[in-house]
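To convert, note that position 6 of the sequence shown is 6 in UniProt numbering; the numbers rise steadily by one, no gaps.
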Amino acid sequence: MAPSFRRKGPAMIARAFAAAAIALAAVGCAAAPAETSASVPAVASRAVAEDLAAALEAGYVFPDTGARYAAHVRSRAAAGAYDGVVEPEALASLLTEDLGAVVVDHHLVVHPPEEPDDADGEAGPARTPPPVLRQVRMIDGEIGYLDLGLMGWEDSDIAAVDAALDDMTAASAIIVDLRNNVGGDLPVADLLFSRMTDESRRLLVMDQRTASIETVGDIFGGGETVRRVDGPDGLTRYEHWTAPAPDADLVEVPVYLLVGPRTVSAAEHLALAMRISGRATLVGEPTRGANHFGASLPLADGYSVFVPVGRTFDPATGEDWEGDGVQPDIRVPADAALDRALAMIRGEDD
């Protein structure tokens, strides 16, 4: 049975689903919004704008930037910029664009009211996260290949990945493909480290703006792999640690991570943690550059916004990957990353 790395913090599920949906939209994976005849009254659009401004002012990871976002949105609303917008999707897009005109944050996205589920009760494609396991196979009979589409958090997600790794204990190398991973949460990363490392060590540090806890909760909670520690004033600090399994069985197996511009959020967290720990070789292109973690908050009239309330960084440098992405060790076009990794494993690399 797979170990339980699932944390039950108050915002975990909402954060993970929201992060996945936003990442899908950001990299062009989400379906186009459904057509609607609904219009947005001016009074409603101003209410949405004010709620948005207040949420960012109160909780955005950097208080000064949050205040700038709020001032810009309020100024635009006062000037009537949102009054003539007819479609809810258009209003959400315009608000997101206006925020990006202040500072681009890849997680900061305003969403329109959700369409009702269809007659069969199925959620629309834009709200359906991809599978955790896109593909599992052995290449040449000895190279494990694990294609992860989502950094899952449910016990069933962890069990599925754990079972896939069970079939790779005799592998000569393991390739973890993150090139189409929309992010999510940390439990799958914790599982990988538990089987691929044999010592406890700090990986990354996460700072959450303390003022945001009142509205989004304590994002990471705490536990064996995420430890709450003392931090600077105004910030709640956590450290991400490895938790090796007593019978870690993949410690000696070389690991290659495939990355690219569609490697997003929690997948970037895994990539950086693997790189700085020296546990994996990253092959491909720089990742998306969506660093700031957060939670989805409701706005007026059914709108919502994903508010970034914290950042993750390398404790050795203090640097994160927002905007720049995590840099690969071996840089090749993302679509050539698998071939390059295989060539390296087979000893065919020049």
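Where a beta carbon is used, it is the ideal one built from N, C-alpha and C, also for glycine.
Residues of its chain near residue i, where Cβ-Cβ distance is below 7 Å and the 5 sequence neighbours each way are ignored
| i | result |
| --- | --- |
| Arg-137 | Tyr-145 |
| Pro-113 | Pro-88, Asp-301, Gly-302 and Tyr-303 |
| Gly-222 | Arg-228 |
| Ser-45 | Tyr-82, Asp-83, Val-85 and Leu-91 |
| Ala-336 | none |
Exposure of residue i, with buried meaning 16 or more beta-carbon neighbours within 10 Å
| i | result |
| --- | --- |
| Ala-92 | buried |
| Ala-23 | Note that Ala-23 has pLDDT 43, beneath the 50 cutoff, so the model's placement of it is unreliable and the number below is only indicative. With 16 or more other Cβ atoms within 10 Å, it is buried. |
| Ser-75 | exposed |
| Arg-209 | buried |
| Ser-296 | buried |
| Glu-319 | exposed |
| Thr-169 | exposed |
| Arg-346 | exposed |
| Gly-152 | buried |
| Asp-233 | exposed |
| Gly-149 | buried |
| Asp-98 | buried |
| Val-251 | exposed |
| Asp-147 | buried |
| Asp-64 | exposed |
| Pro-187 | buried |
| Gly-294 | buried |
| Asp-166 | exposed |
| Val-298 | In the sequence under discussion, the amino acid at residue 298 is Pro, which differs from the Val named in the question. Result: exposed. |
Range covered by the beta strand (DSSP E) that runs through residue i
| i | result |
| --- | --- |
| Thr-281 | 281–284 |
| Glu-239 | 235–241 |
| Arg-227 | 226–229 |
| Arg-205 | It is Val, not Arg, that sits at residue 205 in the sequence shown. Residues 202–209. |
| Val-251 | Run containing Val-251: none; DSSP gives neither H nor E here. |
Span of the alpha helix (DSSP H) around residue i
| i | result |
| --- | --- |
| Asp-190 | 187–196 |
| Thr-215 | 213–216 |
Sequence-distant residues of its chain with Cβ nearer than 8 Å to residue i (five each side left out)
| i | result |
| --- | --- |
| Asp-349 | Arg-340 and Ala-343 |
| Leu-94 | Ala-81, Tyr-82 and Val-85 |
| Pro-261 | Val-27, Glu-285, Pro-286, Thr-287, Arg-288, Gly-325 and Ala-334 |
| Arg-68 | Val-102 and Val-103 |
| Asp-329 | Arg-275, Thr-281, Leu-282 and Val-283 |
| Ile-139 | Tyr-145, Ile-175 and Leu-342 |
| Val-332 | Val-283, Gly-284, Glu-285 and Arg-340 |
| Asp-249 | Thr-169 and Arg-195 |
Cβ shell of residue i (< 6 Å), same chain only, five flanking positions each side left out
| i | result |
| --- | --- |
| Ser-212 | Gly-59 and Val-309 |
| residue 352 | The shown model of the chain, from 1 to 350, leaves out residue 352, and the question about it has no answer. |
| Ala-290 | His-106, His-107, Val-264 and Ser-265 |
| Ala-189 | Leu-270 |
| Leu-133 | Ala-160 |
| Val-110 | Ala-92, Leu-95, Thr-96 and Val-305 |
| Thr-225 | Asp-190, Trp-241 and Ala-243 |
| Gly-66 | Leu-56, Glu-57 and Tyr-60 |
| Asp-118 | At Asp-118 the pLDDT is 39, less than 50, meaning the model places this residue with poor confidence; the figure from the coordinates comes in the next sentence. Counting only Cβ-Cβ distances below 6 Å, and skipping sequence neighbours, we find nothing. |
| Arg-237 | Asp-207, Val-229 and Gly-231 |
Scan the segment 109–182 and note each continuous beta strand (DSSP E) run of 3 residues or more that stays entirely inside, going in chain order.
109–111, 133–139, 143–148 and 173–177
With a threshold of 8 Å, are at least 3 pairs of Cβ atoms found where one atom belongs to the segment 300–319 and the other to the segment 56–76?
yes
Hey, which unbroken runs of the alpha helix (DSSP H) at 4 residues or more fall wholly within the segment 261–342?
266–277
How about the segment 188–206 and the segment 239–255: do they share at least three Cβ pairs that are nearer than 8 Å?
yes
Residue ranges of each alpha helix (DSSP H) within the segment 58–110, 4 or longer
63–78 and 88–102
Contact between the segment 206–223 and the segment 144–161: three or more CB pairs below 8 Å?
no
With a threshold of 8 Å, are at least 3 pairs of Cβ atoms found where one atom belongs to the segment 260–267 and the other to the segment 177–187?
yes
Evaluate contact between the segment 310–317 and the segment 280–288, counting only Cβ atoms and requiring at least three cross-stretch pairs below 8 Å.
no
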